[in-house]
Amino acid sequence: MRAKITATGSYLPRKVLSNVDLEKIVDTNDEWIKQRTGIEMRHIAENESTSELAAKAAEDVLNKSALSSSNIELIIVATVTPDQPLPATALFVQNKIGAYNAFAFDINAACSGFVYALSIANAYIVSGMVKNAIVIGAETLSKITDWTDRSTCVIFGDGAGAVLLERTEEDKGILSVVLHADGRYTDLMMVPAPGSKMPCSKKAIENGDIYIKMKGNETFKMAIRSIASVSKEALDIAGMDFKDVDWMISHQANKRIIDGVARRVGLEGERSIITIDKHANTAAATIPLAMDWAVEMGKIKEGDIVLLNSFGASLTWSAAVVRW
Ligand code: UT7
């Protein structure tokens, strides 16, 4: 028994912020952003919450599927920008799409969140606990971005991507998943408040502790090697090699990281899906957004081998091999 991705969906907020727009906000320029990150624009959720983005991506999935919301048995939302600390964003999504027969919860594995969530849904399906699941990566990073810090505000964007996983007897779907975490590096990327360590306070707001802090350079250095090695682990389990991969969908954090991984494993050019130019880094949402884009563009086709890999705070890294 396997869990197969039978539909993909996405949603991007209407407002677009270009690099030139950012030049008016912080001391940056279009050329630096494009050269150092590959980003040309990002979408910004002005009056929408993460669950609104997530629900629209889930509705897009359902519109492309034979199932209706009442058939859905599990909803997982991977996010670092929940609507509120309590209850889970997945509950708001459930209510918005009317999937009242599903159980629902959130997970936080930062930018690796989607692959982590996929692995959980896969385990529930393969064990026979559920027949299907909607897995969503959704973020409104603009709401935890310090718009005075040019080292972070040029990188992030908002959006949501989703997939429907269904039980199948075919040799298709998720062939392998590998997850890693290393809590020795929690200082590389964080949002210090509000939380039990630093509750909401005027001081936390004044110090900017409610925004993303990132040691970009150090994170960058660890990314390429980790993504390449976890990808090899996942391919080994699936009994495959990089030459068997039709498409690689990497977490879209920096085009130089994606290209570096692609060079290292011999998947350069067309076979590496790139959406960072238009979506920027949307954390848990980048992989499902890129996946839906690649499917809609007619790139990924039935039977293709798709390698997913990601790297995120602080630190998590993961990979999955999927036969479409
Ligand atoms: O999403 C999962 C986890 N996150 C990541 O994987 C992110 C990984 N890191 C990165 O993508 C890159 O480190 C960044 C894009 C964040 C930064 O790029 P970089 O090439 O590592 O830049 P840097 O921090 O080494 O800075 C180089 C220079 C500095 O100037 P000096 O000191 O050389 O004069 C910065 O002050 O670029 C300057 N700089 C900028 N200049 C224009 C930094 N940010 C900007 C900016 N515009 N936005």
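Heads up: the sequence shown runs through residues -2 to 321, numbered per the working numbering.
Glycine included, every Cβ here is placed at the ideal spot set by N, Cα and C.
On a predicted model such as this, the values are computed, not experimentally measured, just so you know.
Evaluate contact between the segment 197 to 206 and the segment 251 to 264, counting only Cβ atoms and requiring at least three cross-stretch pairs below 8 Å. no
Just to check, is the beta-carbon of W144 closer than 6 Å to a non-hydrogen atom of ligand 1? no
At a cut-off of 6 Å, is T272 close to ligand 1 when judged by its beta-carbon and the heavy atoms of the ligand? No, ligand 1 has no heavy atom inside 6 Å of this Cβ.
Considering T5, what are the terminal residues of the beta strand (DSSP E) in which it resides? Per DSSP, T5 belongs to the beta strand (DSSP E) from R(-1) to Y8.
What separation, rounded to the nearest whole angstrom, lies between the Cα atoms of Y121 and E70? 10 Å
Hey, would you say the C-beta of F217 is under 6 Å away from at least one heavy atom of ligand 1? Result yes, Cβ under 6 Å from ligand 1.
Sorry if obvious, but does the Cβ on L25 come closer than 6 Å to a heavy atom of ligand 1? Residue identity differs from the one stated: residue 25 is Thr in this sequence, not Leu. Judged by the Cβ position, T25 qualifies as a neighbour of ligand 1 at the 6 Å threshold, a heavy atom of the ligand being closer than this.
Can you name the residues that DSSP bridges to I41? For I41, which the question treats as bridged, DSSP gives the partners K12.
Taking all protein chains shown into account, do 16 or more other C-beta atoms lie within 10 angstroms of the C-beta of G154, making it buried, or fewer, making it exposed? buried
So, is P84 buried or exposed, given that buried needs 16 or more other C-beta atoms within 10 angstroms? P84 is classed as exposed because its beta carbon has fewer than 16 other beta carbons within 10 Å across all chains shown.
Compute the distance between the beta-carbons of G134 and G170, then report whether it is under 7 Å. no
Tell me which residue opens and which closes the beta strand (DSSP E) that V132 is part of. N129 to T137
State buried or exposed for W244, treating a residue as buried only when at least 16 other CB atoms are found within 10 Å of its CB. buried
Of the choices V174, F239 and A106, whose alpha-carbon is the least far from that of V262? F239
L312 to I224 span [Cα, whole Å]: 12 Å
Option in R39, A51 and T165 with minimal Cα separation from N129: T165
Whether E49 touches A280 by CB criterion (7 Å): At least 7 Å separates the beta-carbon of E49 from that of A280.
Measuring alpha carbon to alpha carbon, tell me which of G180, A63, D57 and M38 ends up nearest E163. A63
Any heavy atom of ligand 1 inside 6 Å of the beta-carbon of W314? No, Cβ of W314 sits at least 6 Å from all heavy atoms of ligand 1.
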